[in-house]
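Read the structure below first, then the notes.
Here it is in structure tokens:
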């Protein structure tokens, strides 16, 4: 009896416990209206408070963003309802409309409490996955929350009651206003009988489902008597059926509220007196538009043509251009085919990135190079190209450039040259590409693929210009014996690329992995040498081709090392990157952070040049600059998330944190003078 009394006293006296997680950009809490809920239904709330200038998303995020996901772990017999969201607000970035929450938002959930005896423990856990963004960046975050409840009499906690009152007041109101919609001529028109509410200054309709309307189009609001009419551009849904959503109404006194609506298809009157045209809110930012991001992608792709990782392919292009089309039609055909190969490969890679990210993978640009088996295949591909250029064998009749890759001339040869150029370009991120690719993975998929296509278009631009401008073609050297010598010379950078890939393979898969890769390359070379001998004798090369193909069997011996590779340090006072360590070092002094990968040629150029220069290392030591290195050679979700938080999709990324100040983003190509200037400023 005494123990029971103590237990009852503890239940009555204990306040509702709020479990909170402080993430880098958001504070997330799980609170209960009662710490001792009675069997039946009890109220919970996930309270999200982003940092000033940041926002989270409604259940339909609009053109971009992500709905908050809650995965509950509850005792047997208990269950949690779907989230009930407050009325959202609009947030426009570069013409892209988002439905968001700024400041604190409480997501209400009804907890079904089973019939249990008073005093029974009722632990509640939830994993909350959400996206938080500001004007420039979007960061996926996770909060694991838990509160311990005890079955009791359901008495509300006095401290929690006001918060739940505010949360319920922020919910949309259920109304019985008749609502109809019509879709015609690409327009979506909604009429709502507001039943005499004559103090309405503005309105905005948030549809529950995707495809009902074009989020980015403005909504024109007018009035005919008591009927409010909203007109905008229709969405992609062919037949949305009954349309549900929230009509947010702004009153003339500055207050607002939301009404839950269900609209059925029907006749909608012509527009009346206009109230407002919404859709371009005061949060419109000065970020580069989608078109600017596309322009940056094109420019970045164009610059890739002179980056170290793409240089070996330039010889193939030059040979193909010099020997390809002798007519206007042939030149244009080859240029378009080459462009199709480049753009198609970039779009395919972009689609793979976006699809895998949608499935929950944390990946970015050149993610495939984090798998040593892909490096193994690239090693064999580059070895075969080098041997072909050296004249050891021919794929068909003797041809040069991309024609050899295709096994035939003309458009197909140009197409495969373009495909090869895009594949070899993936280890590089040149100037202007970082921002463009960062935008591509955060934009809606269609716009993201457009950015990837722009990257391919930029990479193909030199070929397009020469193919369509006869004056440029006439400046190319005339075909002649020099082409054979030039072709042989171009085998050397391809062999150097093969050596670099073998080194990367060793970093990813260890010495054994590198040995298997080199053995496979030797086996492939022997088979292709046999192919060349058979070709010179006019005999079939089918058998030696099979022998050469057997080199692929060794891919099954390639496995990633259990431990991650560690990037070689180019600067003094270097530590592995972590956000926790970065936060600690920023309080002690200046910090330089760089993100690299062994397969990133641009990264290695910087590390073996500006970052390892003796004057730079001495200056960093004298200035007391600490350095953190994030090695992305193998997949690392923590680094991927941080790159995304900086608006980047891949490496390299260079950040300098002066003590007590925010990061400065450095260019992707560094110079010794630039690094010395950083040290002098400390």
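In mature numbering (1 follows the signal peptide of the UniProt record, and there is no 0), the protein residues as written are -18 to -1, 1 to 664.
We put the beta carbon where it would ideally sit given N, CA and C, even for glycine.
Cα-Cα separation between residue i and residue j, rounded to whole angstroms
i, j, result
"residue 597", "residue 425", "42 Å"
"residue 258", "residue 276", "Note that residue 258 scores 48 on pLDDT, short of 50, meaning its location in the model is unreliable and no value can be drawn from it."
"residue 352", "residue 451", "40 Å"
"residue 564", "residue 364", "39 Å"
"residue 613", "residue 491", "15 Å"
"residue 370", "residue 479", "15 Å"
"residue 501", "residue 606", "46 Å"
"residue 195", "residue 338", "27 Å"
"residue 503", "residue 357", "12 Å"
"residue 653", "residue 44", "42 Å"
"residue 421", "residue 105", "41 Å"
"residue 457", "residue 83", "59 Å"
"residue 31", "residue 40", "14 Å"
"residue 203", "residue 212", "5 Å"
"residue 159", "residue 173", "10 Å"
"residue 251", "residue 46", "32 Å"
"residue 511", "residue 470", "16 Å"
"residue 392", "residue 531", "26 Å"
"residue 63", "residue 94", "8 Å"
"residue 165", "residue 29", "38 Å"
"residue 217", "residue 170", "8 Å"
"residue 488", "residue 495", "6 Å"
"residue 578", "residue 650", "11 Å"
"residue 661", "residue 611", "18 Å"
"residue 498", "residue 506", "12 Å"
"residue 639", "residue 127", "32 Å"
"residue 34", "residue 85", "7 Å"
Candidates the options, of which the one nearest residue i by Cα
i, options, result
"residue 1", "20, 22, 27", "27"
"residue 239", "173, 164, 149, 249", "149"
"residue 594", "462, 556, 626, 582", "556"
"residue 448", "496, 123, 637, 317", "317"
"residue 609", "573, 623, 522", "573"
"residue 541", "355, 129, 64, 154", "355"
"residue 438", "469, 644, 408", "408"
"residue 513", "375, 20, 474", "375"
"residue 191", "55, 244, 35, 18", "244"
"residue 25", "10, 92, 80, 43", "92"
"residue 621", "97, 122, 460", "122"
"residue 483", "581, 639, 571", "581"
"residue 428", "366, 476, 329", "329"
"residue 309", "453, 373, 400", "453"
"residue 23", "127, 489, 136, 392", "136"
"residue 248", "225, 234, 232, 236", "225"
"residue 287", "444, 362, 184, 660", "444"
"residue 658", "222, 592, 400, 246", "592"
"residue 102", "132, 221, 127, 462", "132"
"residue 61", "533, 21, 87", "21"
"residue 615", "368, 634, 186, 236", "634"
"residue 208", "395, 637, 230, 182", "182"
"residue 80", "619, 187, 436, 603", "187"
"residue 6", "562, 220, 602", "562"
"residue 75", "519, 118, 56, 57", "118"
"residue 139", "373, 440, 361, 17", "17"
"residue 373", "517, 97, 312", "517"
Within 9 Å, strictly: CB atoms of residue i and residue j
i, j, result
"residue 50", "residue 112", "yes"
"residue 419", "residue 433", "yes"
"residue 154", "residue 52", "no"
"residue 110", "residue 37", "no"
"residue 334", "residue 350", "yes"
"residue 323", "residue 402", "yes"
"residue 468", "residue 559", "no"
"residue 198", "residue 78", "yes"
"residue 231", "residue 184", "yes"
Span of the alpha helix (DSSP H) around residue i
i, result
"residue 41", "No alpha helix (DSSP H) contains residue 41, which is instead part of the beta strand (DSSP E) from 37 to 44."
"residue 604", "596 to 605"
"residue 433", "427 to 450"
"residue 511", "464 to 518"
"residue 147", "143 to 151"
Extent of the continuous beta strand (DSSP E) run through residue i
i, result
"residue 4", "1 to 4"
"residue 92", "87 to 95"
"residue 161", "161 to 166"
"residue 205", "201 to 206"
"residue 120", "120 to 132"
9 Å Cβ cutoff, residue i in contact with chain B
i, result
"residue 553", "Reference to chain B is not applicable here, since this structure consists of a single protein chain."
Would you check if there are 3 or more beta carbon pairs closer than 8 Å linking the segment 64 to 72 to the segment 135 to 145? no
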